[in-house]
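Let me begin by presenting the structure, written as structure tokens, before commenting on it.
Residue numbers (this note's numbering), protein chains in the order written: chain Z, 89 to 468; chain D, 89 to 468.
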């Protein structure tokens, strides 16, 4: 059996104040076209369907069209989980009513424990377990589990799921998380501020395939079958050299066979162009893709009048302008200031931010003692 | 065949800063209990399911529970349309996928023309046509129809629907509109500011039953089978004497048989209490419903310290306080000022508000001429 694994659609995302909805529409049609041409047994979306919990109407209409094409026209089941950008309750409305039509939105823990089972000739029954994105507090609260990190939460959820395993079935997990050691991109939103959001891939070893979402770069981690598809398209300029696409996953009666990466092509690429203004303008006429979304980094060191207007006369979609040549001095100064800040200084800032009052002398001494004791411990 | 007609649930509504979600939950359970006990062939909700286009999560979860009880547990089809408070695209997500499970959310004009047909032994096929709430601009734009008022829009939509009529079926319309001559309540939001929002009931005469939403008072208009169920519960103090409930509609092979009004009972009534502070407090001990949501109108004419605190010691849910006794003087003064304002004064205020500059002398003269000409015309 074959299924498509995709994730991080982020429908409704804005990029430097430009709506990407038309680009997303074009790329999703490539997903639909692939299913139409080759036919697969299921399409999996591993979270961050929308870019925010209350998505704009255009994003809802687009998802509705795509879902109807896949489930209704092409009779292909779609299995999705909410990611950290989605509102689980909002995305999950009507999930119970949609199942019969082959649309499986797994948005709570009770649904997580009832796999979507797909019957195939060549691989028998394949059970898809979806783990709706949830922070450790939710897992602790809703499942009365003593977990305090993302890692512990995932370990607990994987244990719950593995108790449901039916040995006559193959087992696929869908999860939205940050596997420890995997590569980040700039366009992801951290799952946890301050605390650790990393999850050990060991928890996932018992599955035949793990369809991951959250990280925007396609990659596997720990084992070839624990894999990120990466995002639908590029969502930051720093991803300019990444390939975007989806995983075609093949499973047989013995489990994981392999994946094939199916590239997806956005109508506008995201690119960074660096150079002096006049040189960039001069060479634009030979650029085969002048409509791309561009970040232009000007290396001119003198002041320039209206550089954006001049650039847009040849590159209409310049979205951001940087002038590093003029900022070198400032940048270096800021960096050296940051390096000088001690642990005590950072804690003082944090305390002040949290309590609206500064540390007393006594408290400051106590914190200094703790820091010194810790440092002393580290050195031993 | 019998079906329940209800409307204007307004899930997620706040009332004087108090969330009504728990009250709405209790009342909706009465709807579910009725279906469980007596079993009906369908439940119709004629718009304003939610109180706003982006409802709070609690409202989504409540609707999800109710829908799952009705459609899944009780296998009773639910047919709903968006009202002027709902976001049609948002409410309609996944509609295509939900139909098979008996949840019919009719949120666009193409769905409007494909009725939900329910097969019954005693009435044959009953076709439910849902008209999603839409203003004349939408009808004009999406259906290329030359309509400019709500009345013309409804006439056009009814004509489109009646072309789909199958003479072997009974025909039920679900619409969210203001039928001309029907009674308003204070808690409705006008459908149109300035323009006319009234619809002639004549357009509806060709249906066997018309399940209306928008007006919060149960009533029929034009014919016994053109009927509002009224809102799920009271949403303003001025509705204190209204009965709230739903219509049990009976249809046979020959069409409309009749309706029975099934009362729904909110856990807190909404009441207005009027009197002097001390008298209200004294008689509270004999009040059988001290937990009701109250508007208290104090008739004391002297100043009172902390009247709200004193009242809440006996009536914990006093939500609003009025002191007409102390305002009589002011009120009368304002009213007489208002009466003295001429058309010219009102136009000057409007112009200033709209343009941020006063009328010039020349403009003022021109407006006076127009007003005088109009008055002259009226008198003839």
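For every residue, glycine included, the Cβ atom is placed at its ideal position computed from N, Cα and C.
From a predicted model like this one, the values you see are computed outputs, not experimental measurements.
Handout entry: Member of D:128, D:155, D:156, D:182 whose CA lies at the smallest distance from the CA of residue 154 of chain Z
Key = D:182
Practice task
Please check if any C-beta of chain D sits within less than 8 Å of the C-beta of residue 194 of chain Z.
Solution key: no
Problem - First through last residue of the alpha helix (DSSP H) which encompasses residue 397 of chain D - result: 395-400
Practice task
Spatial neighbours of residue 274 of chain D within its chain, please: CB distance less than 6 Å, with the 5 preceding and 5 following residues excluded, ordered by chain position.
Solution key: 324, 326
Exercise for the section: Answer with buried or exposed for residue 137 of chain D, where buried requires no fewer than 16 other C-beta atoms within 10 angstroms of its C-beta. Expected result: Result: buried.
Handout entry: Nearest residue (CA-CA) to residue 210 of chain Z, options Z:401, Z:90, Z:449
Key = Z:90
Practice task
Count the other C-beta atoms from every protein chain shown that fall within 10 angstroms of the C-beta of residue 94 of chain Z, then say buried if there are 16 or more, exposed otherwise.
Solution key: buried
Practice task
Quick one: grab the DSSP three-state call for residue 156 of chain D.
Solution key: helix
Handout entry: Reference residue 339 of chain Z, options Z:360, Z:299, Z:319, Z:197, closest by Cα
Key = Z:299
Practice task
Please find out if some non-hydrogen atom of the ligand PLP comes closer than 7 Å to the beta-carbon of residue 335 of chain D.
Solution key: Looking for the ligand PLP in the displayed structure turns up nothing, as the structure carries no ligands at all.
Handout entry: Test item: CB-CB of residue 171 of chain D and residue 302 of chain D under 8 Å
Key = yes
Practice task
Would you please verify whether the beta carbon of residue 148 of chain Z is less than 8 Å from any beta carbon of chain A?
Solution key: Chain labels in this structure do not include chain A; the protein chains are Z and D.
Exercise for the section: Return the chain-ordered list of same chain residues with a C-beta closer than 6 Å to the C-beta of residue 435 of chain Z, the five sequence neighbours on each side being excluded. Expected result: 455
Practice task
Spell out whether any CB of chain D is found under 8 Å from the CB atom of residue 189 of chain Z.
Solution key: yes
Exercise for the section: Compare the C-beta of residue 186 of chain Z with all C-beta atoms of chain D and state if any pair is closer than 8 Å. Expected result: Cβ-Cβ to chain D under 8 Å: yes for residue 186 of chain Z.
Exercise for the section: Inspect the beta-carbon positions of residue 266 of chain Z and residue 287 of chain Z and report whether they are closer than 8 Å. Expected result: yes
Exercise for the section: For residue 120 of chain D, collect the residues of the same chain with a Cβ closer than 7 Å to its Cβ; drop the 5 residues on either side in sequence, then sort them by chain order. Expected result: Taken in chain order, the residues that qualify are 154, 157, 158.
Problem - Three-state secondary structure (DSSP) of residue 206 of chain D - result: Three-state DSSP puts residue 206 of chain D in a strand.
Exercise for the section: Run the CB neighbour count on residue 230 of chain D, radius 10 Å, all protein chains shown included, and call it buried at 16 or more, exposed below. Expected result: exposed
Practice task
Rank Z:143, Z:126, Z:409 by C-alpha distance to the C-alpha of residue 397 of chain Z and give the top, closest one.
Solution key: Z:409
Problem - Contact with chain D by residue 140 of chain Z, beta-carbon distance below 8 Å - result: no
Exercise for the section: Go through its chain and collect everything with a Cβ distance to residue 206 of chain Z's Cβ below 6 Å, but skip five positions before and after it. Expected result: If we look at residue 206 of chain Z and ignore the five residues flanking it on each side, its Cβ neighbours are 129, 130, 214.
Practice task
Over the uninterrupted beta strand (DSSP E) stretch that includes residue 340 of chain D, give me the two end residues.
Solution key: 333-340
Handout entry: Same chain, Cβ closer than 6 Å to residue 108 of chain Z, neighbours up to 5 away in sequence not counted
Key = 101
Problem - Cβ contact check for the stretch 430-449 of chain Z and the stretch 348-358 of chain Z: 3 or more pairs under 8 Å - result: The stretch 430-449 of chain Z makes no contact with the stretch 348-358 of chain Z; the number of CB pairs closer than 8 Å stays below 3.
Problem - Chain-ordered chain D contacts of residue 178 of chain Z [CB-CB under 7 Å] - result: 145, 148
Exercise for the section: Out of Z:212, Z:294, Z:447, point me to the one whose CA is closest to residue 250 of chain Z's CA. Expected result: The option with the nearest alpha carbon to residue 250 of chain Z is Z:294.
Practice task
Check the Cβ-Cβ distances between residue 155 of chain D and every residue of chain Z, and say whether any is below 8 Å.
Solution key: yes
Problem - Beta-carbon neighbours of residue 160 of chain Z, restricted to chain D and to distances below 8 Å - result: Those within 8 Å of residue 160 of chain Z in chain D are 184, 185.
Practice task
Examine chain D for any beta-carbon lying closer than 8 Å to the beta-carbon of residue 181 of chain Z, and answer yes or no.
Solution key: yes
Practice task
Measuring alpha carbon to alpha carbon, tell me which of Z:236, Z:202, Z:134, Z:204 ends up nearest residue 223 of chain Z.
Solution key: Z:236
Exercise for the section: Tell me whether residue 122 of chain D sits in a helix, a strand or coil according to DSSP, three-state version. Expected result: helix
Practice task
Tell me residue 264 of chain D's beta-bridge partners as DSSP assigns them.
Solution key: D:301
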